[in-house]
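There are 2 protein chains.
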Amino acid sequence: MRLAELSERSGVSTATIKYYLREGLVPPGRQVNARTAEYDDEHLRRLRLVRAMIQVGGLPVATVRDVLGHVDDESLGRTIRLGAALWALPQVPEPDAEDEYVRAAHLEADELLGTLGWSNARLLTTISPAYRSLVVAVAALRRLGYDWNAELLVSYARLMHRAAVLDLDFVETRESEPERIEAAVLGAILVEPMMQALHRLAQEEESARRYGFE
Amino acid sequence: MRLAELSERSGVSTATIKYYLREGLVPPGRQVNARTAEYDDEHLRRLRLVRAMIQVGGLPVATVRDVLGHVDDESLGRTIRLGAALWALPQVPEPDAEDEYVRAAHLEADELLGTLGWSNARLLTTISPAYRSLVVAVAALRRLGYDWNAELLVSYARLMHRAAVLDLDFVETRESEPERIEAAVLGAILVEPMMQALHRLAQEEESARRYGFE
Numbered sequence: 001m002r003l004a005e006l007s008e009r010s011g012v013s014t015a016t017i018k019y020y021l022r023e024g025l026v027p028p029g030r031q032v033n034a035r036t037a038e039y040d041d042e043h044l045r046r047l048r049l050v051r052a053m054i055q056v057g058g059l060p061v062a063t064v065r066d067v068l069g070h071v072d073d074e075s076l077g078r079t080i081r082l083g084a085a086l087w088a089l090p091q092v093p094e095p096d097a098e099d100e101y102v103r104a105a106h107l108e109a110d111e112l113l114g115t116l117g118w119s120n121a122r123l124l125t126t127i128s129p130a131y132r133s134l135v136v137a138v139a140a141l142r143r144l145g146y147d148w149n150a151e152l153l154v155s156y157a158r159l160m161h162r163a164a165v166l167d168l169d170f171v172e173t174r175e176s177e178p179e180r181i182e183a184a185v186l187g188a189i190l191v192e193p194m195m196q197a198l199h200r201l202a203q204e205e206e207s208a209r210r211y212g213f214e
Numbered sequence: 001m002r003l004a005e006l007s008e009r010s011g012v013s014t015a016t017i018k019y020y021l022r023e024g025l026v027p028p029g030r031q032v033n034a035r036t037a038e039y040d041d042e043h044l045r046r047l048r049l050v051r052a053m054i055q056v057g058g059l060p061v062a063t064v065r066d067v068l069g070h071v072d073d074e075s076l077g078r079t080i081r082l083g084a085a086l087w088a089l090p091q092v093p094e095p096d097a098e099d100e101y102v103r104a105a106h107l108e109a110d111e112l113l114g115t116l117g118w119s120n121a122r123l124l125t126t127i128s129p130a131y132r133s134l135v136v137a138v139a140a141l142r143r144l145g146y147d148w149n150a151e152l153l154v155s156y157a158r159l160m161h162r163a164a165v166l167d168l169d170f171v172e173t174r175e176s177e178p179e180r181i182e183a184a185v186l187g188a189i190l191v192e193p194m195m196q197a198l199h200r201l202a203q204e205e206e207s208a209r210r211y212g213f214e
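So the sequence lines, in the order shown, correspond to chains A and B.
Here the UniProt record's numbering is used: the first residue of the first sequence is 1, the next is one more, and so on.
Here the UniProt record's numbering is used: the first residue of the second sequence is 1, the next is one more, and so on.
If you want it as structure tokens, here you go:
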């Protein structure tokens, strides 16, 4: 397809597509003559991914370039490739290791992973931004006097594991490996806001069931 | 307790507490003489809540004042009081009602609520920011060519309903009604980042189980 059709099918303006091409976020088309290039479904897919990261996820162009670098690195295995792509997304800063709540949260997070039997996640604790986010969130809750017990955290984690199974089952329905990697990155940006919206709707539903609208 | 002790126990500096007092985010202490006021556990709790909203949630002072106005409005029933407090939190903007994906997402969200039997949530669709967020998220996914089926959305929603049951069960362990309302607001700000961290950790765990680290 030509640039005009690519623009129409992706919903991205030709000026923006040219900008993405210049920035290397979308690979060049096949040049058919000096003034015209031909694009295919792979360009369309990539354009949707870039648009999701920039327009929906609000990521800066440099971050998008980092994420795509990992998405396209075929030398990596799938877990690492996907992990590297997701880890290039903006993350919470390193927590203060001297803080007593942070130290306690590390112990609590480690114990949680042990209870859950998440042995793979345990291998990644020194490098995983998700683990770091968990420590930061648990420390914040504890500092504010949220004195829930360890079983509650286990219950939330088991629900999130079931969500991860749904995520990966969906990713596996994609036909090619590049599509699977892209679906996983899109999911990380778009599925979380959807789950958060469902979570808040569910809270409204459950609250009304328990207490009515009085 | 005096201001110094309130500061020590809350981890909030005396200068910041004085600022919150001036802004009306924390109620004044009981004046024991011209220069000294006495504070109690209610002040401590309120200070933690304000700190969570401002320092962890990143909310502006005006928003915090709105949320607290609803938290403190004893004329409202619990569902509405809690809803009003949560709805005062920053929300996604109104989606473009003319957009074809937004219109389709409305139909899809309505059908989802019907399938789930969330009759209370259905009553709130015209006013609930959570419903609006769901429409925005579903429209974004569809626009990007995420062609999942309706059952997948139902599966995520059922998981989020179980999370909401955990949330409310925890809130009900708090002893007084003000503590329960505050725990619900804190939860909305702090539990979601924790669930998101667990979700990403679960993805890493599940991905490694399926594909190893190769």
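The C-beta atom is built at its ideal place from N, Cα and C for all residues, glycine as well.
Cβ neighbour criterion (16 or more within 10 Å) applied to residue i
i	result
residue 107 of chain A	exposed
residue 83 of chain B	buried
residue 27 of chain B	exposed
residue 73 of chain A	exposed
residue 222 of chain A	In the structure as shown, chain A starts at 1 and stops at 214, and residue 222 of chain A therefore has no counterpart that could be examined.
residue 128 of chain B	buried
residue 30 of chain A	exposed
residue 205 of chain A	buried
residue 13 of chain A	exposed
residue 130 of chain A	buried
residue 90 of chain A	exposed
residue 176 of chain B	exposed
residue 93 of chain A	exposed
residue 97 of chain A	exposed
residue 41 of chain B	exposed
residue 79 of chain A	buried
residue 147 of chain B	exposed
residue 99 of chain B	exposed
residue 202 of chain A	buried
residue 182 of chain A	buried
residue 75 of chain B	exposed
In DSSP terms, what residue i is bridged to
i	result
residue 37 of chain B	B:31
Closest by C-alpha distance to residue i, when choosing among the options
i	options	result
residue 17 of chain B	B:205, B:33 and B:54	B:54
residue 64 of chain B	B:123, B:85 and B:95	B:85
residue 68 of chain B	B:179, B:212 and B:209	B:179
residue 116 of chain A	A:155, A:197 and A:19	A:155
residue 120 of chain B	A:207, A:76, A:25 and A:70	A:207
residue 105 of chain A	A:149, A:99, A:133 and A:139	A:139
residue 57 of chain A	A:42, A:88 and A:109	A:88
residue 61 of chain B	B:44, B:77, B:23 and B:42	B:23
residue 144 of chain B	A:47, A:4, A:36 and A:142	A:47
residue 191 of chain B	A:210, A:134, A:201 and A:162	A:134
residue 114 of chain A	A:6, A:158 and A:197	A:158
residue 2 of chain B	B:25, B:32, B:20 and B:19	B:32
residue 193 of chain B	B:76, B:11 and B:52	B:52
residue 151 of chain A	A:10, A:39, A:112 and A:77	A:112
residue 124 of chain B	A:9, A:20 and A:213	A:213
residue 171 of chain A	A:164, A:184, A:163 and A:162	A:184
residue 136 of chain A	A:162, A:95 and A:173	A:95
residue 160 of chain A	A:195, A:141, A:149 and A:142	A:195
residue 163 of chain A	B:174, B:132, B:187 and B:200	B:200
residue 20 of chain A	A:43, A:9, A:5 and A:188	A:43
residue 118 of chain B	A:210, A:8 and A:11	A:210
Where residue i meets chain B, residues with beta-carbon distance less than 8 Å
i	result
residue 180 of chain A	Ordered by position in chain B, no residue passes the 8 Å Cβ test against residue 180 of chain A, which lies about 10 Å from the chain.
residue 34 of chain A	What residue 34 of chain A touches in chain B: nothing, since even the nearest Cβ is about 32 Å away.
residue 52 of chain A	140 and 144
Closer than 7 Å at the beta carbon, the chain B residues around residue i
i	result
residue 131 of chain A	201
residue 79 of chain A	207, 208, 211, 212 and 213
residue 140 of chain A	56 and 190
residue 137 of chain A	190, 193, 194 and 197
residue 121 of chain A	201, 204 and 205
Chain A residues whose Cβ lies nearer than 8 Å to that of residue i
i	result
residue 82 of chain B	207
residue 192 of chain B	196 and 199
residue 13 of chain B	None at all; the shortest Cβ gap to chain A is about 15 Å.
residue 152 of chain B	166 and 170
residue 134 of chain B	194, 197, 198 and 201
Where residue i meets chain A, residues with beta-carbon distance less than 7 Å
i	result
residue 186 of chain B	144 and 146
residue 48 of chain B	144 and 145
residue 159 of chain B	159, 162 and 163
residue 124 of chain B	204
Under 9 Å by beta carbon: chain B residues contacting residue i
i	result
residue 174 of chain A	Chain B residues near residue 174 of chain A: none, gap ~10 Å exceeds 9 Å.
residue 2 of chain A	Ordered by position in chain B, no residue passes the 9 Å Cβ test against residue 2 of chain A, which lies about 20 Å from the chain.
residue 25 of chain A	Chain B residues near residue 25 of chain A: none, gap ~15 Å exceeds 9 Å.
Proximal residues of chain A, C-beta to C-beta of residue i below 9 Å
i	result
residue 155 of chain B	162, 163 and 166
residue 128 of chain B	200, 201 and 204
Let me know the beta strand (DSSP E) ranges lying completely inside the stretch 77 to 102 of chain B, each 3 residues or longer, listed in chain order.
-> none
Counting only runs of 4+ residues fully inside the stretch 121 to 181 of chain B, write out the alpha helix (DSSP H) ranges in chain order.
-> 129 to 143 and 150 to 172
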